[in-house]
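Student: Questions regarding the structure given below will be posed in turn.
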Amino acid sequence: MDKIDLRIQPAVQTLDELLAAGEGGTFDFIYIDANKVSYDTYYEKGLQLLRPGGVIAIDNVLWHGLVTKEEKDEVTTSIHNLNQKIHKDERVDNSLLPLADGLNLVRKI
0 MDKIDLRIQP AVQTLDELLA AGEGGTFDFI YIDANKVSYD TYYEKGLQLL
50 RPGGVIAIDN VLWHGLVTKE EKDEVTTSIH NLNQKIHKDE RVDNSLLPLA
100 DGLNLVRKI
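Here numbering that gives the first Met the number 0 is used: position 59 in the sequence shown is 58, and no number is missing along the way.
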């Protein structure tokens with residue numbers, strides 16, 4: 000249990016606190032499954048926390064297949080935009096797995 004730090008508060012607050020405490024570049028693995036509209040914020044802050052070679056797993060990246068549709072609501076647009084951003088992001092390698100609702104595995108270079 001000494002490797003788990005459970006915090007019950009808004010995710011952005013936790014991420015900001017970890018960065019302010021000097022935890023940048025120390026994480027091996029980050030799992031994102033939260034407020035979809037904030038996925039990009041979680042991704043960017045997660046990258047700051049992640050060590051090179053570390054992995055971010057992002058859940059629900061296919062969003063019931065809605066990310067492929069022309070018309071998108073705010074949540075679907077946020078997920079679609081993040082998928083496109085990660086695909087072009089030269090800071091990472093990624094594999095989008097079509098399992099269940101989609102899982103994007105992102106490895107920091």
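For each residue, glycine too, the CB sits at the ideal point set by N, CA and C.
#1: Are the stretch 27–34 and the stretch 45–57 in contact at 8 Å, needing three or more beta carbon pairs?
#2: Return the CA-CA distance between D72 and L61, expressed in angstroms with no decimal places.
#3: Which class does V54 belong to by DSSP, given the choice of helix, strand or coil?
#4: For the alpha helix (DSSP H) that contains N82, what are its first and last residues?
#5: Taking K35 and I78 to be in contact with their CB atoms under 8 Å, please state how far apart those CB atoms are, rounded to whole angstroms.
#6: Using three-state DSSP, classify D1 as helix, strand or coil.
Tutor: The relevant details are as follows:
#1: yes
#2: By one-based count along the sequence shown, residue 72 stands at place 73. By one-based count along the sequence shown, residue 61 stands at place 62. Cα to Cα, the separation comes out at about 14 Å.
#3: To locate residue 54, count along the sequence shown from 1; it is residue 55. V54 falls in the strand class under three-state DSSP.
#4: The count along the sequence shown starts at 1 and reaches residue 82 at position 83. Taken as a continuous stretch (DSSP letters only), the alpha helix (DSSP H) holding N82 covers E73 to K87.
#5: On the sequence shown, residue 35 is found 36 positions in, with the first residue counted as 1. On the sequence shown, residue 78 is found 79 positions in, with the first residue counted as 1. Going by Cβ atoms, the distance from K35 to I78 rounds to 6 Å, so yes, they are a contact pair.
#6: The residue you call residue 1 lines up with position 2 of the sequence shown. In this structure, D1 counts as coil in the three-state DSSP scheme.
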